[in-house]
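> First the structure, then my questions, so here it is.
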Amino acid sequence: MKKYTGLDDITDLQELIAEARALKANPYAYEHLGKRKRLVMLFFNSSLRTRLSTEKAASNLGMDVTVMNFNSDAWKLEFEDGTVMNADTSEHVKEAAKVISQYGDVIAVRAFPTLTDKAKDESEYVISNFVKYATVPVVNMESATAHPLQALADAITITELSEKKKPKVVLSWAPHPKALPHAVANSFIGMMQKMDVELTVTHPKGYELSDATMKDTPVVYDQDEALKDADFVYVKNWSNYEDYGKVLATVDSHSSWTITDEKLGDAKFMHCLPVRRNVIVADEVLDGEQSVVIEQANNRTFSAQVVLKKILENLN
Amino acid sequence: MKKYTGLDDITDLQELIAEARALKANPYAYEHLGKRKRLVMLFFNSSLRTRLSTEKAASNLGMDVTVMNFNSDAWKLEFEDGTVMNADTSEHVKEAAKVISQYGDVIAVRAFPTLTDKAKDESEYVISNFVKYATVPVVNMESATAHPLQALADAITITELSEKKKPKVVLSWAPHPKALPHAVANSFIGMMQKMDVELTVTHPKGYELSDATMKDTPVVYDQDEALKDADFVYVKNWSNYEDYGKVLATVDSHSSWTITDEKLGDAKFMHCLPVRRNVIVADEVLDGEQSVVIEQANNRTFSAQVVLKKILENLN
Amino acid sequence: MKKYTGLDDITDLQELIAEARALKANPYAYEHLGKRKRLVMLFFNSSLRTRLSTEKAASNLGMDVTVMNFNSDAWKLEFEDGTVMNADTSEHVKEAAKVISQYGDVIAVRAFPTLTDKAKDESEYVISNFVKYATVPVVNMESATAHPLQALADAITITELSEKKKPKVVLSWAPHPKALPHAVANSFIGMMQKMDVELTVTHPKGYELSDATMKDTPVVYDQDEALKDADFVYVKNWSNYEDYGKVLATVDSHSSWTITDEKLGDAKFMHCLPVRRNVIVADEVLDGEQSVVIEQANNRTFSAQVVLKKILENLN
Numbered sequence: 001m002k003k004y005t006g007l008d009d010i011t012d013l014q015e016l017i018a019e020a021r022a023l024k025a026n027p028y029a030y031e032h033l034g035k036r037k038r039l040v041m042l043f044f045n046s047s048l049r050t051r052l053s054t055e056k057a058a059s060n061l062g063m064d065v066t067v068m069n070f071n072s073d074a075w076k077l078e079f080e081d082g083t084v085m086n087a088d089t090s091e092h093v094k095e096a097a098k099v100i101s102q103y104g105d106v107i108a109v110r111a112f113p114t115l116t117d118k119a120k121d122e123s124e125y126v127i128s129n130f131v132k133y134a135t136v137p138v139v140n141m142e143s144a145t146a147h148p149l150q151a152l153a154d155a156i157t158i159t160e161l162s163e164k165k166k167p168k169v170v171l172s173w174a175p176h177p178k179a180l181p182h183a184v185a186n187s188f189i190g191m192m193q194k195m196d197v198e199l200t201v202t203h204p205k206g207y208e209l210s211d212a213t214m215k216d217t218p219v220v221y222d223q224d225e226a227l228k229d230a231d232f233v234y235v236k237n238w239s240n241y242e243d244y245g246k247v248l249a250t251v252d253s254h255s256s257w258t259i260t261d262e263k264l265g266d267a268k269f270m271h272c273l274p275v276r277r278n279v280i281v282a283d284e285v286l287d288g289e290q291s292v293v294i295e296q297a298n299n300r301t302f303s304a305q306v307v308l309k310k311i312l313e314n315l316n
Numbered sequence: 001m002k003k004y005t006g007l008d009d010i011t012d013l014q015e016l017i018a019e020a021r022a023l024k025a026n027p028y029a030y031e032h033l034g035k036r037k038r039l040v041m042l043f044f045n046s047s048l049r050t051r052l053s054t055e056k057a058a059s060n061l062g063m064d065v066t067v068m069n070f071n072s073d074a075w076k077l078e079f080e081d082g083t084v085m086n087a088d089t090s091e092h093v094k095e096a097a098k099v100i101s102q103y104g105d106v107i108a109v110r111a112f113p114t115l116t117d118k119a120k121d122e123s124e125y126v127i128s129n130f131v132k133y134a135t136v137p138v139v140n141m142e143s144a145t146a147h148p149l150q151a152l153a154d155a156i157t158i159t160e161l162s163e164k165k166k167p168k169v170v171l172s173w174a175p176h177p178k179a180l181p182h183a184v185a186n187s188f189i190g191m192m193q194k195m196d197v198e199l200t201v202t203h204p205k206g207y208e209l210s211d212a213t214m215k216d217t218p219v220v221y222d223q224d225e226a227l228k229d230a231d232f233v234y235v236k237n238w239s240n241y242e243d244y245g246k247v248l249a250t251v252d253s254h255s256s257w258t259i260t261d262e263k264l265g266d267a268k269f270m271h272c273l274p275v276r277r278n279v280i281v282a283d284e285v286l287d288g289e290q291s292v293v294i295e296q297a298n299n300r301t302f303s304a305q306v307v308l309k310k311i312l313e314n315l316n
Numbered sequence: 001m002k003k004y005t006g007l008d009d010i011t012d013l014q015e016l017i018a019e020a021r022a023l024k025a026n027p028y029a030y031e032h033l034g035k036r037k038r039l040v041m042l043f044f045n046s047s048l049r050t051r052l053s054t055e056k057a058a059s060n061l062g063m064d065v066t067v068m069n070f071n072s073d074a075w076k077l078e079f080e081d082g083t084v085m086n087a088d089t090s091e092h093v094k095e096a097a098k099v100i101s102q103y104g105d106v107i108a109v110r111a112f113p114t115l116t117d118k119a120k121d122e123s124e125y126v127i128s129n130f131v132k133y134a135t136v137p138v139v140n141m142e143s144a145t146a147h148p149l150q151a152l153a154d155a156i157t158i159t160e161l162s163e164k165k166k167p168k169v170v171l172s173w174a175p176h177p178k179a180l181p182h183a184v185a186n187s188f189i190g191m192m193q194k195m196d197v198e199l200t201v202t203h204p205k206g207y208e209l210s211d212a213t214m215k216d217t218p219v220v221y222d223q224d225e226a227l228k229d230a231d232f233v234y235v236k237n238w239s240n241y242e243d244y245g246k247v248l249a250t251v252d253s254h255s256s257w258t259i260t261d262e263k264l265g266d267a268k269f270m271h272c273l274p275v276r277r278n279v280i281v282a283d284e285v286l287d288g289e290q291s292v293v294i295e296q297a298n299n300r301t302f303s304a305q306v307v308l309k310k311i312l313e314n315l316n
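Chains R, E and C, in that order, give the protein sequences. Here UniProt numbering is used: the first residue of the first sequence is 1, the next is one more, and so on. Here UniProt numbering is used: the first residue of the second sequence is 1, the next is one more, and so on. Here UniProt numbering is used: the first residue of the third sequence is 1, the next is one more, and so on.
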């Protein structure tokens, strides 16, 4: 693997999942692979799971890790070509990416979308510039439109826990007071499209995701109908895509979308976390036995570890 | 040891101090004990000594360490049960504690009190929720009402430096411009009550600590009388406990409480640091030979190291 | 080497450069030298290259590294002697430096100048107080008036890339919208004065550097004349020294000083980074083959590594 910025970087998903599960069973089997190799993790946004799981994954492989909160620790970056840098940006991503490549063997980047400028977000200007100018492999720790490490952890989780050959997986929108990115939904849908599952998406009218994401995945606007006989219910809020980055109505007006035990039925409950209790999902679900969110979070380690292993194996 | 959140987690203090001193003499004797074990240190507040000493302690034991400044790096946590999380908190401590337990083998937490809500502070809502929901051992790096790693370092220091079988130890309040927590005073008193020392507490009337802390420890309001023939003088400010979190008068009006060479007599001067010079204590004392504050700070490493060693030994 | 706070700490520059180049060829040759030794890096200001390169350098030598952003993570420091600490500073550098010396074997400090108080800046009150009170060696990661790790990396770069016995090196001022320190210019000039190069400095009238820095180095106010037949052109902005910390005119009024391909001629282009594109230097130069800024940044690792090696070898 030369990089991991999106699902297109996966050549054989089943093999990747199998290898991740093997690493989970034996996390230190490759702890010499990363010796004298350094992962530089750059955060333009907050992180809990992504940071801790990726750091642990790298460490399990024997890598050294540097964590840099770019906004507070370093210099404000310029991403535009040809700019006269006479204002508030101090360093161009061209230099930053090349320079960081001198100090790290792999660069991981987290950079959320603006949610105000759709074209800019869809250009993935942060991570795509790091890929363009870095001379070492780049890993996406959630970008403007994708969260492929999360989606791989989700695929591992569903593979581990599924009791059927072809489980029914439902992605349900749920209300949230703030405007949230589409990254998790995009990557989850993309990942499920690669797996042998029956995928349904449900959300209120007006919250349609991009055609590039949806492809031929069916949308069922009636949440109850969508959830019927589900094996896995993945819940996630996203802001409007058409009226880009907007939240169309209050949480209260969408409170019927909150996932409850009754809605969940016999399905397993999934969420990438952090999750707002009693807004996205009722306490009873999160505290119940059908919630697999903690195991999902655990699988973030092995999702990151298998990706880093593949990248390390490909270094010289 | 299953956790170290308060002095109650100590079963045999003398043995713990002896073992800490043995680690001080031979810090790397157990550097394989923590191999492939990770300490996740969560800071909700500033730290210098606690962070550096605990990091060194873990490293001496061969542990990996992750430092996370929770407020700036991660998501704002919710601590209330049953809340509809429709406002500014993004993640519930239930998930956070369980999730972090997937990535770390020991979790250490620093979270200061509000000093405005006594009941909330005394419930120790941050650290007690981490203990409740984490599935790995929790270490207190100073909580709302306790600082047991500091108190253990203090006990080590007094044990090392005492020239008497039963030294006289005085805890003296001193003035400070800001409202400070009771944690250090509480834990120091609790620790001294477990040791074979003659303990006296002195402070201006109105600065009484809680009955739960004081038990039968005598208070002498006349500082000069209290300090007479002291072997160790531990100085610390705390805000009002009765009129919770208040500073009753200006520093100047309490300037007679500042510790000077004359007040100190032949005693050793102790303070947990950071200390405000010429407010808490005169330069002459801190720069003189009777000050043991740097050695106290040094003992923070071995206080943390013995606690982590005991916890690691108890991990199956 | 007992410390590295300025160029005066170098006893044999040629030997130091040779050893840095040997480390570059074989970075792990001394990876047992730093075993069980800890570098504590204290940042009072932002950093990208300095942090990552120094961290990698220490790691190459087998050291453990702690990074602390002092302003956000720790307590506000007092640097004045005899102060009554009754205001916003919580800890005196006397205690901080002594305490950190308990936890680290080497302390590295970055602290920029005020650019408002020349006497204070020239006293190097931050780093000189760390040197005075720390009981372990101190390394300067850029102080008010000096950046000796950068200058050493520059010396390594020029030594590696020079095709002449005595190359012509020109330090050229360039415009910048903000008031910048003199540290890089001071240390670069001081370093070149120690090397067998022909050094010329060029800047607009009024931007004279201190006599202590310049010694007998010639200033040529006409940039074109200064740049003629240069082998290396080092470009850097600095604010006014006489009218201390001021920017005398707009960037536009100095736009003729921006380095272009035409001005550069056949010389190699050097800059310490971060650099403002099309203000300090045109895109064509940075993106061209004569720019060596990325290799300069790479040499920061070996500049730091040779300094840490020398310091570690001197720790009994």
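Glycine included, every Cβ here is placed at the ideal spot set by N, Cα and C.
1. For chain R, check one thing: does any of its Cβ atoms lie closer than 8 Å to the Cβ of Pro113 of chain C?
2. Measure the alpha-carbon distance for Glu313 of chain R versus Leu48 of chain R and round it to whole angstroms.
3. Rounding to the nearest angstrom, what Cα-Cα distance links Lys76 of chain C and Asp117 of chain C in this structure?
4. How about Gln223 of chain R: is its C-beta nearer than 8 Å to some C-beta of chain C?
5. Would you say the stretch 295–302 of chain R touches the stretch 95–108 of chain E, given that touching needs at least three Cβ pairs under 8 Å?
6. Cα-Cα, which of C:Asp105, C:Ile10, C:Met214 is closest to Tyr241 of chain C?
7. Whose C-beta lies closer than 8 Å to the C-beta of Asp222 of chain E among residues of the same chain, with five residues either side of it excluded?
8. Three Cβ pairs or more, each shorter than 8 Å: is that satisfied between the stretch 6–22 of chain R and the stretch 33–43 of chain R?
9. Less than 8 Å separating the beta-carbons of Lys2 of chain E and Pro148 of chain E?
10. Quick one: what's Tyr4 of chain R bridged to in DSSP?
11. With DSSP run on the structure shown, which of helix, strand or coil describes Met41 of chain R?
12. May I ask you to list, following chain order, the residues of the stretch 224–241 of chain R that have a beta carbon less than 9 Å from some beta carbon of chain C?
13. Taking the straight line between their C-alpha atoms, what separation do you get for residue 318 of chain R and Asp216 of chain R?
14. Residues of chain C with CB closer than 8 Å to the CB of Asp105 of chain R, please, in chain order.
15. Below 8 Å on the Cβ atoms is my contact criterion, and I expect Ala174 of chain E with Thr250 of chain E to pass it. Report the Cβ-Cβ distance as a whole number of Å.
16. Are Val306 of chain E and Ala20 of chain E closer than 8 Å when you measure CB to CB?
17. Do you know offhand how far Trp29 of chain C's Cα is from Leu23 of chain C's?
18. Counting along the chain, where does the beta strand (DSSP E) carrying Lys246 of chain R start and finish?
19. Could you check what DSSP says for Glu122 of chain E in three-state terms: helix, strand or coil?
20. Who are the near neighbours of Met85 of chain C in its chain, counting only those whose CB is closer than 6 Å to its CB and skipping five residues on each side?
21. Can you tell which of E:Val109, E:Asn140, E:Asp73, E:Met68 has its C-alpha closest to the C-alpha of Tyr4 of chain E?
22. With a threshold of 8 Å between beta-carbons, can Lys35 of chain E be considered close to chain C, or not?
23. Determine whether the Cβ of Ile10 of chain C lies closer than 8 Å to any Cβ atom of chain E.
24. Could you give the distance in angstroms between the alpha-carbon of Lys263 of chain E and the alpha-carbon of Thr200 of chain E?
25. Rounded to whole angstroms, what's the CA-CA distance from Asp283 of chain E to Ile127 of chain R? Just pull it up for me.
26. Could you tell me how far apart the beta carbons of Gln296 of chain E and Thr157 of chain E are, in whole angstroms, since I believe they sit closer than 8 Å?
27. Should Tyr234 of chain E and Val275 of chain E be called a contact, given that it needs their Cβ atoms to be closer than 8 Å?
28. Anything in chain C within Cβ reach of Ser90 of chain R, meaning under 8 Å, just list it in chain order.
29. Would you say Phe112 of chain C and Ala74 of chain C are within 8 Å of each other, going by their C-beta atoms?
30. Which residues share a DSSP beta bridge with Ala108 of chain E?
31. Going along chain R in order, which residues have a C-beta closer than 7 Å to the C-beta of Leu42 of chain C?
32. How would you list, in chain order, the residues of chain E whose beta-carbon sits under 8 Å from the beta-carbon of Arg38 of chain C?
33. Applying the criterion that 16 or more other CB atoms from any shown protein chain within 10 Å of the CB defines a buried residue, is His271 of chain C buried or exposed?
34. Between which residues of its own chain and Val219 of chain C is the CB-CB distance below 6 Å, once the five residues before and five after are set aside?
35. Of all the alpha helix (DSSP H) runs that stay within the bounds of the stretch 57–97 of chain E, which reach a length of 4 or more residues?
36. Taking CB distances under 8 Å as the criterion, tell me whether Asn140 of chain E reaches chain R.
Answer, in terms of the structure:
1. no
2. 27 Å
3. 19 Å
4. no
5. yes
6. C:Met214
7. Thr202
8. no
9. no
10. R:Val139
11. strand
12. none
13. Residue 318 of chain R lies beyond the stretch modelled for chain R, which goes from 1 to 316, so this question has no answer here.
14. Per Cβ cutoff of 8 Å: no residues; Asp105 of chain R is ~10 Å from chain C at best.
15. Their Cβ separation, rounded to whole angstroms, is 14 Å, which puts Ala174 of chain E and Thr250 of chain E out of contact at 8 Å.
16. yes
17. Looking at the sequence itself, residue 29 of chain C is Ala, so the reference to Trp does not match. Using only the alpha carbons, I get a separation of about 7 Å.
18. Here Lys246 of chain R belongs to no beta strand (DSSP E), and DSSP marks it neither H nor E.
19. helix
20. Glu78
21. E:Asn140
22. no
23. no
24. 15 Å
25. 53 Å
26. 5 Å
27. no
28. Pro274, Arg276
29. no
30. E:Met41, E:Val139
31. Simply none; closest approach about 13 Å.
32. Lys56, Ser59
33. buried
34. Val201
35. 70–73
36. no
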